[in-house]
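What follows is a single structure, written as structure tokens, with notes after it.
Chains as they are written, first to last, in the working numbering: chain A, 207 to 360; chain B, -9 to 699.
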């Protein structure tokens, strides 16, 4: 799907999921597929939130521990955990989350700004939130969560 | 629809071929400047480029190609003879033509100043430079006249059989059109051509069915209809022919005179059907008959001559996709094979036999698919001949360029990525390698130096060697420069080859003055890095007074790699075997502690630094007890050696390389990844970085040594 096209209009579908008992979401336009957790290959000298590399039908891609990335502590991955495969800035990456809950239709006009109280991670990685019924669903800013590929060694 | 873009791409692809045959032709003319066959071939190449460029309105290109073609045409017609001066102009013009094609393709501005000089020279040498025949019309011609005033576009005398080409008003044009089988095979339709003609004027079409047999005897694959087309138009013959431009070679097209009084004989069909058989009219034209020349003149962009290699053009993306899919197939096959093994079936089980066959087939399939990307290095070498020419001119060091093994095949990606390092090496070879005229004369060598570029396959790798017959490396000078730059200490003892290898150190340039060719701060270290990035290595040999040679050794492909699968700190990693010399059990080796934490291995009288791979990758602290571990002895390009500690060796096999750059980025110590039989990912160790690590620990080791001594 063409992303530019996907984001036109305010009515959008979001995929919601749980990370460290908080509810988050991403725009469905980024989501390629959702898979169960399987062990990854650890990368040397990688940031702690990079769990390792996984094999998606012949493509090698990194898996990030979203909880750790958001400053919510490391995830002990089990087979019940889920990897959301996203395509961001032409890169294919996996986000390790606890569980996927819903696909909801929301209007981006209803998105509320992140209150100015959050930690650095929250400020950087959460674009805002939706309130659906009693739930508060935080919108993950995927372009910031996934570090840009600079081509430089890391 | 982007058919126009597709045609444009096709044109540039053809240009590549044509420029290659042009360079080939010039190389032959250097040996024998009177060979008509070659001159014809060169003429046709230039002409075809002009024709295509005209169709796409690339005016600068048309203008230049036209002047070039004129001069060649005079040579062809015997009105002018090739002398060394002209040949050198041809070579430069060929280079410039390639530049113009490049510029047109990338949409950049070509070097018009240089082009203008060449153009002027071409016109000066050309006899027919002055006398103008009115241009025959059409976009390129017009633009041409605009830009260079009185230079004629069609220098040939066009008097007899085609009054239309002069652009004068005339009666109806009568053509006989026979579609050949290939026309239909290629998906063309005569009706569409006729429709295009109809737009030019009043068209009547008459089909000649005499060759058509009865239904019972009919050969379905052979076209049998010939059409007689009568077109009442004011357009020129050239314009009419343009309609048939894209079916050239697929049809026979005859222009019949509508004037029964004309004494022009009707041409036999073949000369007018330009294309695959273009050699025929070209040869015939040596007789100098105007009709024949005319037929050659208007043959438009010639298709690649038939009879050469039977090839197809395939989009690189498609090949890439195929290679990826086959790579995945091989991985799936390995996974399947592993599961079958785990089922512990009887040895005579059919599944096992079938698995064996599948394995063999998939590996053959992989090899064949990878071979698709292989290309002869010829095009690369030809580009280099131009570099030699330019540098030799700028430095006033006459140089001859010789090549060997032009048809050695290498992966296309490798070839593309070799352009920059080779260019740099060649510049160095001519600029620094060859002595100047007086020094050569003093050494009793011929004034003209020789630079030889050769390629060959050696045990699964490609060797590319660049040698010159210059003065060799001035080791004293290299040494003193390295000392002056602080690259080595003044009392360091270096072997000859170690001194030679100093050239590869960053920031090294032996030339005192910075020339505009080499010595721009881009040294041989960059060349070395680029070659290493391709999985290759560079070595240098030099004989004082006799010359220097650089050898690049490269893997055949970037898609697979021969590796040793090892286990370290619980992770499975791949160590490329290309630099692996030896494996040994640590328990049987003599290992000495050296300083805090460092260890060296005594092997064959050498002290080899020991590096723990697990620690190098940041997976663990170096183990104290090595008795259960295995050592891999790995060589560097420069001949240094290290011993790498791993936990277990698994197997040696070919692995499919999966880059990490696209989805993640570069990783220190890791060159890429691969997928193992169980679907897990294994990282491929970048052995060169192991040496950087070992250099980092060396100072303390050297210090210890100094104290001990």
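We put the CB at the ideal spot given by N, CA and C, even for glycine. Remember, it's a predicted structure, so these values are computed and weren't measured experimentally.
If you drop the 5 nearest sequence neighbours on each side, which residues of the same chain put their C-beta closer than 7 Å to that of residue i?
i: residue 319 (chain A); result: 334
i: residue 50 (chain B); result: 90 and 100
i: residue 321 (chain B); result: 646 and 665
i: residue 76 (chain B); result: 115
i: residue 171 (chain B); result: 211, 212 and 213
i: residue 37 (chain B); result: 59
i: residue 350 (chain A); result: 330 and 331
For residue i, which residues in chain E fall below 7 Å Cβ to Cβ?
i: residue 278 (chain A); result: The question asks about chain E, but that chain is absent: this structure's protein chains are A and B.
Determine which residues share a DSSP beta bridge with residue i and list them.
i: residue 425 (chain B); result: Answer by DSSP bridge pairing: none, since residue 425 (chain B) is not bridged.
i: residue 300 (chain A); result: A:269 and A:291
i: residue 318 (chain A); result: A:335
i: residue 439 (chain B); result: B:389
i: residue 242 (chain A); result: A:288
i: residue 365 (chain B); result: B:400
i: residue 328 (chain B); result: DSSP output for residue 328 (chain B) lists no bridge partner at all.
Short of 8 Å in beta carbon distance, which residues of its chain neighbour residue i, apart from the five on each side in sequence? Order them along the chain.
i: residue 438 (chain B); result: 388, 389 and 390
i: residue 416 (chain B); result: 374, 377, 378, 381, 441, 443 and 456
i: residue 35 (chain B); result: 8, 9, 11, 12 and 15
i: residue 402 (chain B); result: 306, 363, 364 and 365
i: residue 28 (chain B); result: 15, 18, 19 and 22
i: residue 535 (chain B); result: 433, 461 and 462
Taking 7 Å as the cut-off, decide whether the C-beta atoms of residue i and residue j are in contact.
i: residue 210 (chain B); j: residue 195 (chain B); result: no
i: residue 454 (chain B); j: residue 538 (chain B); result: no
i: residue 354 (chain B); j: residue 13 (chain B); result: no
i: residue 303 (chain A); j: residue 225 (chain A); result: yes
i: residue 674 (chain B); j: residue 564 (chain B); result: yes
i: residue 530 (chain B); j: residue 540 (chain B); result: yes
i: residue 219 (chain A); j: residue 309 (chain A); result: yes
i: residue 250 (chain A); j: residue 639 (chain B); result: no
i: residue 335 (chain B); j: residue 342 (chain B); result: yes
i: residue 217 (chain A); j: residue 313 (chain A); result: yes
i: residue 266 (chain A); j: residue 352 (chain A); result: no
i: residue 556 (chain B); j: residue 452 (chain B); result: no
i: residue 317 (chain A); j: residue 331 (chain A); result: no
i: residue 345 (chain A); j: residue 236 (chain A); result: no
Note down the Cα distance separating residue i from residue j, rounded to an integer number of angstroms.
i: residue 291 (chain A); j: residue 273 (chain A); result: 16 Å
i: residue 384 (chain B); j: residue 365 (chain B); result: 32 Å
i: residue 252 (chain A); j: residue 681 (chain B); result: 21 Å
i: residue 400 (chain B); j: residue 516 (chain B); result: 22 Å
i: residue 421 (chain B); j: residue 461 (chain B); result: 12 Å
i: residue 343 (chain A); j: residue 299 (chain A); result: 22 Å
i: residue 63 (chain B); j: residue 3 (chain B); result: 25 Å
i: residue 81 (chain B); j: residue 174 (chain B); result: 40 Å
i: residue 242 (chain B); j: residue 396 (chain B); result: 37 Å
i: residue 244 (chain A); j: residue 406 (chain B); result: 38 Å
i: residue 96 (chain B); j: residue 102 (chain B); result: 16 Å
i: residue 251 (chain B); j: residue 94 (chain B); result: In this prediction, residue 251 (chain B) has a pLDDT of 42, which is less than 50 and means its spatial position is unreliable; what the coordinates show is noted afterwards. Residue 251 (chain B) and residue 94 (chain B): Cα-Cα distance of roughly 47 Å.
i: residue 361 (chain B); j: residue 323 (chain B); result: 20 Å
i: residue 341 (chain A); j: residue 271 (chain A); result: 23 Å
i: residue 236 (chain B); j: residue 178 (chain B); result: 9 Å
i: residue 207 (chain B); j: residue 231 (chain B); result: 34 Å
i: residue 445 (chain B); j: residue 368 (chain B); result: 10 Å
i: residue 239 (chain B); j: residue 176 (chain B); result: 11 Å
i: residue 258 (chain B); j: residue 425 (chain B); result: Annotation note: pLDDT 42 at residue 258 (chain B) (below 50); position unreliable, coordinate value reported separately. Whole-angstrom Cα-Cα distance: 59 Å.
i: residue 105 (chain B); j: residue 188 (chain B); result: 40 Å
i: residue 283 (chain A); j: residue 297 (chain A); result: 23 Å
i: residue 661 (chain B); j: residue 486 (chain B); result: 31 Å
i: residue 394 (chain B); j: residue 6 (chain B); result: 21 Å
i: residue 626 (chain B); j: residue 570 (chain B); result: 9 Å
i: residue 233 (chain B); j: residue 1 (chain B); result: 17 Å
i: residue 567 (chain B); j: residue 552 (chain B); result: 6 Å
What residues in its chain sit with their C-beta under 6 Å from that of residue i, if we drop five residues either side in the sequence?
i: residue 180 (chain B); result: 169
i: residue 214 (chain B); result: 201 and 202
i: residue 589 (chain B); result: 581, 583 and 600
i: residue 241 (chain A); result: 289
i: residue 137 (chain B); result: Residue placement at residue 137 (chain B) is poorly supported in this model, since its pLDDT is 42, which falls under 50; the coordinates still yield a value, given next. The answer, listed in chain order, is 53.
| query | Should the stretch 571 to 589 of chain B be called in touch with the stretch 486 to 498 of chain B, which here means at least 3 C-beta pairs below 8 Å? | reply | At 8 Å Cβ cutoff, the stretches do not touch.
| Are three or more beta carbon pairs between the stretch 252 to 270 of chain A and the stretch 649 to 656 of chain B nearer than 8 Å? | Between the stretch 252 to 270 of chain A and the stretch 649 to 656 of chain B, the count of Cβ pairs shorter than 8 Å is three or higher; the stretches touch.
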